[in-house]
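Those sequence lines, one after another, are chains A and B.
To get the working numbering, take the position in the first sequence, counting from 1, and add 21.
To get the working numbering, take the position in the second sequence, counting from 1, and add 627.
Every residue, glycine too, gets a C-beta built ideally from N, C-alpha and C.
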Amino acid sequence: MTEPGFGEKEELTEEEYRRRLRRSLLVGGAASFLGYRGWRWVQDQPKADGIPQVLRDGHEFNERIWSSLFREGHDAKEFPLSDASILRVNGTLGIRSELNLDGWELQVFGPDGDHLGTHTLDDIMALPHHDMTIEHKCIEGWAQVTNWGGARFSDFMALYEDQLPDDISDVYLETPDRRYYVTVDIETMRHRQTLLAYDNLGVPISERNGAPLRLATPLKYGIKQIKRIGEIHFRREQGRDYWGERGYDYYAGL
Amino acid sequence: MTDTLEAPPGDDAAPPTTERVAVLKHRRGSRWMHWINFPLITIMIYSGLRIYKAEDIYAFGIFGWEWFHFFPDPVYDTLDLNRRLARGLAFHFNFAWLFTINGLAYAIYTWRTGEWRQLVPRRRHLKDAWHVLLHDLHLRKDPPPNRGRYNEAQRLTYSFVLLLGFLAILSGFAIFKPTQLSFLTWMLGGYETARVIHFTVTILFCLFFVVHILQVARAGFRNLMSMVTGYEIVDRKVESHD
């Protein structure tokens, strides 16, 4: 019936079986106990930003794998414009105060906290305009095809080329009220599908979707695509991240 | 499971006696991986449900008529699935590696040992599966023919559930990294379709689990213990030699 070999006899006598049973129960019991201890070990880990340390390490392990697969030329899929609709609103953290469009400006800082520049929306709109129809993905599980128009972050960053050191690894962005903030790795920020967006489906982004300027990229979940950007900081190491600090993966890449 | 040997023909003069022997049924590797898989898949399904709860849009129905929504509130409350997305993701994306490694190890193992031959359904005996089903539902009295370790219904079910595991891993990676693994996501019909597949596979796993437990309970203690010791005790007829 079964193939010979692999170290197990085809048949045991009653005597042999009894020994086998005893051993199996012992080994099985010990293995179950170890399994249980392992589970407790995970549960009893010190918390690292809301989740057990070992799971946080696991997120970072995943990040290393997937970010090493990341290729600059590798784009997220784009869709026909006819599939797109105005993005569903989800979350108003950081944009609850009233928006003063005339008073809005974008502040830019270097890695040592040095103030590098201030921009109005016209400055951003003066950069080459790009638009993309992509599938926006929320970490909660829903996805929607939408269209973003704006300036590539790489074009914006080029304005500061001379002032920035070579070892910028991350970009930190926060809302004017500082209640929402994200850090995104520089590879993603420089990607051609990462926009400082001011249009959604050809019309100015609505207030609840992040007017006047938000981050838009199909390479990250929506939690990273901060609305109503107030400040941009170029950094040499990972900075704070609202949802990362609350148990989510800091990388959140797709 | 019943006797594997039949009394030799034309020997009805000798009064049959039985001897009790232990016959190898599940090899060491199969047993270990089976039991390791059990907690892993439990963790995967549980953390997966916590993720699903954050956007629980699937329902079962026809022509816009919703027959069953996944899931009713009592399910969420009982299982503590509300507002547990971050923890769900943390467990799911880490234990997924262990689940994948165990599955991969099993695939290599069944291939190297030739055990897969005991598992794949055979076309010429496919009719047996129907027979087994009717027999198990007490709709047909005569027992299906005994053709070795697993009957055709078991072969179909176990092959199917292994296929489900494979699909769970594929569709999981497809929705985990749809850009980096865009080919995989495309093969599975896109991000949203892959998510539906991933969810459906989970529900089928749960249904398999229910049937599996019922069948193991029906098959009895000796059968259950064979997944622990590897050997199943059978009472085999022998002729007396006095």
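If we call anything under 8 Å between Cβ atoms a contact, is A:Ile116 one with A:Arg267? no
Just the C-alpha distance for A:Thr141 and A:Leu127, rounded to the nearest angstrom, thanks. 6 Å
Mark A:Gly134 as exposed unless 16 or more other C-beta atoms lie within 10 angstroms of its C-beta, in which case mark it buried. exposed
Would you tell me roughly how many angstroms separate the C-alpha atoms of A:His254 and A:Tyr181, rounded to the nearest one? 12 Å
Spatial neighbours of B:Arg654 within its chain, please: C-beta separation below 7 Å, excluding the five flanking residues on both sides. Thr740, Glu742, Gly857
Between the Cα of A:Gln214 and the Cα atoms of A:Gly171, A:Val192, A:Pro197, which residue gives the shortest distance? A:Gly171
Chain B residues whose Cβ lies nearer than 8 Å to that of A:Ile72: Ala713, Arg714, Ala717
Measuring only between beta-carbons, confirm whether B:Asn773 sits less than 8 Å from chain A. no
Option nearest A:Phe130 by Cα separation, candidates A:Gly138, A:Asp123, A:Glu35: A:Gly138
Under the rule that 16 or more other beta-carbon atoms within 10 Å means buried, what is A:Tyr202, buried or exposed? buried
Bounding residues of the beta strand (DSSP E) (the contiguous stretch that carries A:Tyr181): Per DSSP, A:Tyr181 belongs to no beta strand (DSSP E) and is neither H nor E.
Taking contact to mean 3 or more Cβ pairs, one atom from each stretch, closer than 8 Å, check whether the segment 206–225 of chain A and the segment 188–195 of chain A are in contact. yes
Which residue's Cα is closest to the Cα of B:Tyr785: B:Leu760, B:Phe835, B:Ile802? B:Phe835
Nonlocal neighbours in the same chain, by C-beta distance under 7 Å from A:Gln66, ignoring five residues either side: Pro73, Gln74, Val75
B:Lys864, buried or exposed, once every other Cβ within 10 Å from all chains shown has been counted against 16: exposed
What's the C-alpha gap between A:Thr113 and A:Glu119? 12 Å
Residues in the same chain with beta-carbon distance under 7 Å from B:Gly792, minus the five sequence neighbours each way, listed in chain order, please. Gly730
Let me check one thing: in DSSP terms, what residues is A:Asn221 bridge-paired to? A:Trp169, A:Val224
Whose CA, out of A:Arg77, A:Ala97, A:Thr167, A:Arg199, lies closest to the CA of A:Asp220? A:Thr167
So which residues of chain A does B:Asn721 contact, with C-beta pairs closer than 7 Å? Leu76, Gly79
Distance check for A:Met153 and A:His136, CA to CA, integer angstroms please. 31 Å
Identify the contact partners of B:Pro805 in chain A, using a Cβ-Cβ distance below 7 Å as the criterion. Leu275
Pick from A:Phe54, A:Leu217, A:Glu29, A:Asp262: whose alpha carbon is nearest that of A:Phe177? A:Leu217
For B:Tyr818, go through chain A and note every residue whose CB falls closer than 8 Å to its CB, in chain order. Glu156, Lys158, Ala164
Looking at the structure shown, is A:Lys68 part of a helix, part of a strand, or coil, going by DSSP? strand
Straight-line Cα distance separating B:Ala844 from A:Tyr274: Note that residue 274 of chain A corresponds to Gly in the displayed sequence, not to Tyr. About 45 Å.
Under a three-way DSSP split, which group does A:Pro239 fall into? coil
Alpha carbon of A:Thr23 to alpha carbon of B:Phe726, nearest angstrom: Any reading at A:Thr23 must be qualified, since the residue scores a pLDDT of 44, below 50, and its modelled position is unreliable; the value itself is stated next. Those two C-alpha atoms are separated by around 27 Å.
Proximity to B:Met854 [Cα-Cα], best of A:Leu33, A:Glu36, A:Glu32, A:Leu42: A:Leu42
Close-in-space but distant-in-sequence residues of the same chain around A:Ala69 (CB under 6 Å, 5 per side omitted): Arg77
Taking the alpha helix (DSSP H) that A:Gly131 falls in, what are its first and last residues? Here A:Gly131 belongs to no alpha helix (DSSP H), and DSSP marks it neither H nor E.
With hydrogens ignored, establish whether the beta-carbon of A:Trp60 is closer than 7 Å to any heavy atom of the ligand MG. Absence of the ligand MG from the depicted structure is noted, as is the absence of any ligand whatsoever, leaving it without description.
Within the continuous beta strand (DSSP E) that includes A:Asp191, where are the two ends? 191–195
Is DSSP giving B:Ala801 helix, strand or coil here? helix
Taking B:Met852 as the reference, give the member of B:Thr645, B:Thr644, B:Glu646, B:Leu651 with the closest Cα. B:Leu651
Classify B:Ile689: buried if its beta carbon has 16 or more other beta carbons within 10 angstroms, exposed otherwise. exposed
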